[in-house]
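Colleague:
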Amino acid sequence: MSFKPRAPAIPCPHPALIVRACLAVFVSLARTAVRCGAWKVLTMMIMMGLAIGPGASATQAPPVTAQLTLNEFTRDMTVFDSGLALGQDGASVPLSGTGTSGEVVQARGVSTDDAGASSTAWVDIATIDAGGNWSGTLVAPRNPSWYLPEVRIKAQPTVTAQGANRFGAGLIISFWEQSNWDRIFNASFSNTPPDPLLDENAVQIFTRSGATPSVTYLSDASPLSAAAVAFANTFLEALPGLKLAVIAHTQSGTGWRQLVNDNDSTRLWSDDLALHQFALAEGQDVGIVTSSWIASELQTAGDYAEIVAAIVTGKRLDGSAAGTGPSATFTTTGKGLSFPLHHNFTELYDFAHTRFALIGPHGRGTTVSQTGYSDSNDDNYEALVASWIALGSNPNFSMFLPHSLGMSDIDRGYPHAGDNVYDPAGTQWTDTSHASSYTKDGLERLARLGANAILKSAGLVSWPVPAFDRSYWAPDGSYVDLWMDGHDITTERLRRGLPAMPATFAHRAEVMGMTIGGEPAQNAVIVANAGGSGFSGVRVSPNSGVFTYASSVEDGFGALPGWQQWPDDYLDDYYLNRPVADVGQAGLAALPLKTRTTFRSALAAPAQFTVGGNGPYFLDQAGIGTIATLTLEAKMTITGGSAQRLFGLSSNALKVEYLPGSGVLRCTLSDGSGTTLLGNQTSSTIPDPGTTERTIRIAIDLSNPANGSFRAFVDGAEVLTRTGLTSSGTFPSARNLSFLATNSGGSQSEGTVTHLKAWKSAMPDGSAPTGAPYKQISGTAATVNADAWKKGADAG
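Quick note on numbering that gives the first Met the number 0: the sequence shown kicks off at 0 and runs consecutively.
1. Among the residues of its own chain, which have a CB less than 8 Å from the CB of Tyr421, if the five just before and after it don't count?
2. Return the Cβ separation of Val384 and Pro360 in integer angstroms, given the expectation that the two are a contact with Cβ distance under 8 Å.
3. If you count every other CB in all the chains shown that lies within 10 Å of the CB of Lys593, and 16 or more means buried, which is it?
4. Can you tell me where the alpha helix (DSSP H) with Val311 in it begins and where it stops?
5. Can you tell me which of the three DSSP states Tyr616 falls into?
6. Per DSSP, what kind of secondary structure is Gly791 in: helix, strand or coil?
7. Between which two residues does the alpha helix (DSSP H) harbouring Thr636 extend?
8. Would you call the CB atoms of Thr233 and Asn522 closer than 8 Å?
9. Looking only at C-alpha atoms, which of Gly728, Arg693, Thr691 and Glu692 sits nearest to Phe709?
10. Identify, in the order they occur along the chain, each residue of the same chain with its Cβ nearer than 7 Å to the Cβ of Asp123, setting aside the five sequence neighbours on each side.
11. Which residue marks the beginning of the beta strand (DSSP E) containing Gln584, and which one marks its end?
12. Residues in the same chain with beta-carbon distance under 6 Å from Gly555, minus the five sequence neighbours each way, listed in chain order, please.
13. Would Leu243 and Ala186 be called neighbours here (beta carbons separated by less than 8 Å)?
14. Going by beta-carbon coordinates alone, are Ser551 and Thr597 separated by less than 8 Å?
15. Does DSSP classify Gly796 as helix, strand or coil?
16. Per DSSP, Asn735 is paired with what?
17. What is the rounded straight-line gap between the Cα of Thr111 and the Cα of Gly240?
18. Among Glu509, Trp565, Ala508 and Asp487, whose alpha-carbon lies nearest the alpha-carbon of Ala529?
19. Where DSSP assigns a beta bridge to Ile695, which residues make up the other side?
20. Can you name, in chain order, every residue of its own chain whose Cβ lies under 7 Å from the Cβ of Asn164, other than the five neighbours on each side?
21. Buried or exposed, going by whether 16 or more other CB atoms sit within 10 Å of the CB of Leu196?
22. Looking at Ile637 and Ser477, is the spacing between their C-beta atoms short of 8 Å?
23. Does the separation of the CB atoms of Arg644 and Leu442 fall below 8 Å?
24. I need the straight-line Cα distance from Ser392 to Val245, nearest angstrom please.
25. Within 10 Å of its beta-carbon, does Leu497 have 16 or more other beta-carbons around it, so buried, or fewer, so exposed?
26. According to the neighbour-count rule (16 or more other Cβ atoms, all chains shown, within 10 Å of its Cβ), is Gly536 buried or exposed?
27. Are the region 218–228 and the region 126–144 touching by the rule of at least three beta carbon pairs closer than 8 Å?
28. What does a CB cutoff of less than 7 Å around Ser540 pick up in its chain, not counting 5 residues either side in sequence?
29. Scan the region 230–317 and note each continuous beta strand (DSSP E) run of 3 residues or more that stays entirely inside, going in chain order.
30. Alpha carbon to alpha carbon, how far is His402 from Leu724? Give it in angstroms, no decimals.
31. Decide yes or no for the touch test of the region 562–571 against the region 613–624: beta carbon pairs closer than 8 Å, at least 3 of them.
32. Would you decide whether Pro814 is buried or exposed? Buried here means 16 or more other CB atoms lie within 10 Å of its CB.
33. Please look up how many angstroms separate the CB atoms of Ile699 and Leu629, rounded, as I've assumed it's under 8 Å.
34. Output needed for Asp786: all residues of its chain with C-beta closer than 8 Å, excluding positions within five of it in sequence on either side, in chain order.
35. Touch check for the region 167–181 and the region 80–92: three-plus C-beta pairs under 8 Å?
36. Whole angstroms is fine: what's the gap from Ala781's alpha carbon to Gly614's?
Shown next as structure tokens:
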């Protein structure tokens with residue numbers, strides 16, 4: 000590689016000489032231009048002259064100002080869900096607009112209620128595309144203040160745009176129901192004065208009339224309804240500063256299956272879709288979907304959860320696809336119930352964000368006294384509720400939140416004077432299917448209970464679910480105390496200092512809804528130091544006798560716990576006698592205790608033995624003798640499926656058997672002369688002895704030939720009475736007494752036995768004689784297998 004020598008530098012003239020030379024040239028050219036009329040040349044020269052100077056250079060053009068616009072929200076005070084149900088605190092707020100291509104857009108939320116003190120920081124959210132459009136998402140935390148959306152060009156921070164419509168970061172709830180919750184959000188059923196709102200315009204309720212949606216921003220001037228305010232205030236008390244939007248998908252007289260059936264015009268999916276789209280015009284996510292929608296689905300019983308799961312998730316309970324579409328039909332695996340499944344909730348909700356709160360249900364009213372009430376109603380209700388609660392723990396469904404509270408302890412219907420017009424002095428009652436709109440214990444209480452149930456199910460509050468969780472059984476069987484550790488239990492009636500219910504009926508205890516082996520507890524009271532705990536609780540004493548190892552006490556089973564008598568219990572506000580506790584909840588002074596609680600006796604069990612289809616049974620080899628009175632008793636569970644012989648005298652001179660199919664005792668009796676005194680007489684239906692041990696007693700008195708009696712008792716309750724029997728005055732003396740089968744082993748009873756007793760005497764009231772029995776069979780299997788009366792297979 001070679002290099003050329005650099006040329007010598009040319010000396011630079013002094014700058015002043017250069018300027019002087021240029022001016023001389025300029026003057027000469029100007030003179031020429033003037034003489035020749037060359038004005039264009041002159042102009043050019045003037046421009047050149049202006050640009051020339053010592054060290055002068057050309058200046059840069061000023062920068063171009065970027066453009067930026069922000070699209071408005073559809074309405075003012077738009078709420079975006081902040082992920083409360085997921086434990087999050089950030090509402091995703093979609094923003095969009097136009098501007099100069101290539102520029103970066105920043106956004107923030109400007110807090111309007113505190114002079115900007117809680118405004119969010121500026122963050123990059125978008126780059127304007129080649130077409131001049133941009134869109135992005137601002138994440139805003141929950142805030143008691145409303146925000147205004149504001150955007151700016153990152154490179155030119157003075158270029159800004161601000162929306163005029165505010166937004167809030169809070170909670171969005173969608174409620175699916177029929178008439179009761181429809182009335183909560185309906186001004187036509189607001190017959191009590193609303194409470195003052197804790198925070199005006201913080202809560203908005205979206206409703207629809209047919210296919211027409213609307214929104215109400217709750218304020219004292221525009222409360223919508225007293226119950227809507229009660230619902231709102233409960234949330235505002237529990238979560239101060241919350242911005243809440245409630246979408247009320249409610250329509251009276253409709254059910255889940257009608258909603259998703261496009262061929263059923265009773266309730267149209269399109270109507271609820273229109274409400275959904277109206278309420279969520281900015282594409283918001285819903286935080287919590289909730290429901291206690293059971294009234295129209297009661298007959299589905301245990302299939303209820305399968306139906307709900309298919310409609311909400313599009314899946315069966317095992318997680319497999321349910322099949323949804325214009326021609327799809329879904330059939331339950333339990334009862335085989337079929338219905339069109341044209342839609343499911345995945346069309347509306349993103350369950351990666353949305354959760355479903357299982358609340359309630361709120362019971363089901365009736366106009367029939369308990370003595371005439373169909374047990375199938377409660378059976379269906381219990382099966383429905385059990386399946387509903389189980390959804391919250393089904394591993395195939397992450398969207399279902401755990402069940403928390405029931406809501407059945409409310410005022411239902413209203414009194415009237417025979418014309419179905421509300422009259423507080425009326426002695427008749429109507430509309431028991433609905434919470435009352437005339438008292439604060441009706442729709443308002445239901446709304447507050449529902450709000451607390453949602454709050455607890457979603458984990459938004461820390462208080463414990465009120466429930467009996469401790470028990471103490473008195474060793475002598477005289478009572479059991481039930482309480483909640485750390486909290487006092489009372490009733491609304493006692494808490495408010497109201498008069499006691501009239502003691503007109505035996506079931507009207509101070510605390511109602513408690514049962515003993517399924518029968519209403521007649522002696523249930525609040526005690527100050529339950530079980531020595533230092534907390535008040537409920538003391539339940541037996542209706543008769545004492546508690547034993549086999550006893551059980553239950554609370555809150557059935558569609559209307561505590562209610563028994565129509566219409567008296569409604570008229571006397573039976574629900575105020577249900578147990579409640581203050582656990583720190585919002586909106587109410589106390590909450591009802593969790594229902595469907597069972598406490599089994601802690602008392603020591605006596606020795607027992609079991610009998611099967613082949614024995615043992617027990618037969619007296621000697622004749623009964625010349626006697627006029629006889630008492631027989633069996634304390635046992637009876638599990639056999641056919642006629643179960645309990646007591647007898649040979650040749651059917653006495654036959655007492657239990658018929659599982661009809662749930663009755665069937666009795667036959669002849670006297671010493673062979674005259675039939677009873678021929679297959681049946682008792683009233685007795686409580687199921689297959690699941691709970693029962694004491695069955697027969698007391699026979701023929702000592703007055705003109706007025707003999709036969710009486711049958713189950714757990715002290717008389718189930719069959721025959722008096723005025725004309726007899727020979729004695730039993731057939733040569734007949735043999737048997738227990739648990741005929742004297743030849745026929746009609747063998749099956750079950751678990753505590754004791755069998757026989758007395759050759761009878762008490763006037765039919766109770767067990769006080770003297771020692773003629774025969775008692777009890778103890779361990781080894782003991783009874785060695786008994787001289789034992790026949791057939793050994794006891795277990």
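Glycine included, each C-beta is placed from N, C-alpha and C at the ideal position.
The model shown is predicted, which means the values in this text are computed figures rather than measured ones.
Modeller: From the atom records:
1. Excluding sequence neighbours, Tyr421 sits near Asn190, Tyr413, Pro414, His415 and Tyr437.
2. 6 Å
3. Around the beta carbon of Lys593, 16 or more other beta carbons sit within 10 angstroms, so the residue counts as buried.
4. Taken as a continuous stretch (DSSP letters only), the alpha helix (DSSP H) holding Val311 covers Tyr303 to Thr312.
5. strand
6. coil
7. Where Thr636 is concerned, there is no enclosing alpha helix (DSSP H), although the beta strand (DSSP E) it sits in stretches over Thr628 to Ile637.
8. Not closer than 8 Å, so no.
9. Gly728
10. Hits under 7 Å: Val103, Gln105 and Lys153.
11. Where Gln584 is concerned, there is no enclosing beta strand (DSSP E), given that its DSSP letter is neither H nor E.
12. Gly512, Thr594 and Arg595
13. no
14. yes
15. Since the displayed the chain opens at 0 and closes at 795, residue 796 lies outside it and no answer follows.
16. Gly622
17. 14 Å
18. Asp487
19. According to DSSP, Ile695 shares a beta bridge with Ala633 and Val713.
20. Glu71, Phe72, Arg74, Asp75 and Thr77
21. buried
22. no
23. no
24. 26 Å
25. exposed
26. buried
27. no
28. Around Ser540: Ser477, Tyr478 and Asn522.
29. Here the runs fully enclosed are 243–249 and 287–290.
30. 58 Å
31. no
32. An answer regarding residue 814 cannot be provided, because it is not within the stretch 0 to 795 covered by the chain.
33. 5 Å
34. Phe617 and Ile776
35. yes
36. 14 Å
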